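Enquirer: Residue numbers (the numbering used here), protein chains in the order written: chain A, 1 to 151; chain B, 152 to 345.
1) Assuming residue 304 of chain B is part of the alpha helix (DSSP H), what are its boundary residues?
2) Use the C-beta contact count for residue 148 of chain A: other C-beta atoms within 10 angstroms, 16 or more gives buried, fewer gives exposed.
3) May I ask you to verify whether the region 174 to 188 of chain B touches the region 201 to 208 of chain B, counting CB pairs closer than 8 Å and requiring at least 3?
4) Which value, in whole angstroms, describes the spacing of the CA atoms of residue 47 of chain A and residue 15 of chain A?
5) Any chance the region 329 to 340 of chain B sits against the region 284 to 293 of chain B, with 3 or more Cβ pairs inside 8 Å?
6) For residue 42 of chain A, decide whether its Cβ has a neighbour in chain B, counting only Cβ atoms nearer than 8 Å.
7) Using alpha carbons as the reference points, say which of B:225, B:193, B:280 lies closest to residue 159 of chain B.
8) I'd like to know if residue 284 of chain B contacts chain A, where contact means its C-beta is closer than 8 Å to some C-beta of that chain.
9) Under the three-state reduction of DSSP, which class applies to residue 238 of chain B: helix, strand or coil?
10) Hey, is residue 68 of chain A's beta-carbon within less than 8 Å of any beta-carbon in chain B?
11) Just to confirm the assignment, what range does the alpha helix (DSSP H) spanning residue 201 of chain B have?
12) Using 8 Å as the limit for Cβ to Cβ distance, is residue 157 of chain B near chain A?
13) Cβ atoms of residue 314 of chain B and residue 245 of chain B: under 8 Å apart, would you say?
14) Would a check of beta-carbon distances place residue 228 of chain B closer than 8 Å to chain A?
15) Assign residue 20 of chain A to one of two classes, buried (16 or more other C-beta atoms within 10 Å of its C-beta) or exposed (fewer than that).
16) Check whether the region 187 to 198 of chain B touches the region 53 to 64 of chain A, counting contact only when three or more Cβ pairs, one atom from each stretch, lie closer than 8 Å.
17) Less than 8 Å between the beta carbons of residue 316 of chain B and residue 222 of chain B, yes or no?
18) Which class does residue 10 of chain A belong to by DSSP, given the choice of helix, strand or coil?
19) With a threshold of 16 other CB atoms inside 10 Å of the CB of residue 99 of chain A, please say whether the residue is buried or exposed.
20) Flag this pair as yes or no: are the beta carbons of residue 81 of chain A and residue 228 of chain B separated by less than 8 Å?
21) Since residue 150 of chain A is in the alpha helix (DSSP H), which residue starts that stretch and which ends it?
22) Using 8 Å as the threshold, is the C-beta distance between residue 75 of chain A and residue 174 of chain B below it?
23) In chain B, which residues lie less than 8 Å from residue 94 of chain A when you measure between Cβ atoms?
24) Which two residues bound the contiguous alpha helix (DSSP H) that contains residue 45 of chain A?
And the structure:
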């Protein structure tokens, strides 16, 4: 559908036309309109000049030394993050295995209690024989014996 | 001559822990990241720090980048613009000052990026224009600022920006138009555009 000549385009439409951001089917219509309408053409030229001036905005570049120092710092950070990433990976493996152990315990409470009892007994015997706990804590061996009987 | 590796390949290598790939990606994009950040923060020293932070952030969030949603460069420049806006807010609160009146690269004797005016008259006019633009950019709302910088200085398409910003193309178009209209009015006050 062709736009009537009397219809002026909005400034937004003209700017989008200049930037090639208009809707595809309006590009041709706007181009034709601009050939006939001096008013819209003047607005478009005005915006063209504005955009040209905006894009001429230059900024200070960094000195080569500054870029080099920044790159060194960025790469050092990268190496550090890599190290953290690896230890995070290890922690997540440990957590994952703990989580699956916990799920097993919830699903099979009786066998789990048995395993825990064996583990505690083993640990106590090891502790007492290895470190002679009864010398540090008088009476520890008696407590240990009682616990052994209970378990 | 060996063709440069696409960003996508470098990203894959970085995720595999290759420092060399990260170094290449840094060299490729540092200038444009810095220029985006600088135009928002408008302070050379702080823009330098912010650029470094952008690359650290980039590494940390690299696995979040979705190639089917945006080009790597689009994603990176948006990340840079967002970070710069955050830094600029902090800076503004800290300083509570109007923008400086002198163009910093002249004060610091640094070389400009992009095309500068050659003649003394052109330089004077250019300085005034830049000053107007700088002030206007500072006062633009966040979305307008982002769209303005990404479209005019990083050549991103408005559709790409809309996708990244999760807003409609119409909103992005209107934002760009309003920002440009603000600039137009400001430049008119300085005697241009002619």
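Backbone N, C-alpha and C define an ideal beta-carbon position, used for all residues, glycine too. Remember, it's a predicted structure, so these values are computed and weren't measured experimentally.
Expert: So, from the data block:
1) Note, residue 304 of chain B: premise wrong, no alpha helix (DSSP H); not H, not E.
2) exposed
3) yes
4) 6 Å
5) yes
6) no
7) B:225
8) yes
9) helix
10) no
11) 195 to 212
12) no
13) no
14) no
15) exposed
16) yes
17) no
18) coil
19) exposed
20) no
21) 140 to 150
22) yes
23) What residue 94 of chain A touches in chain B: nothing, since even the nearest Cβ is about 21 Å away.
24) 38 to 55
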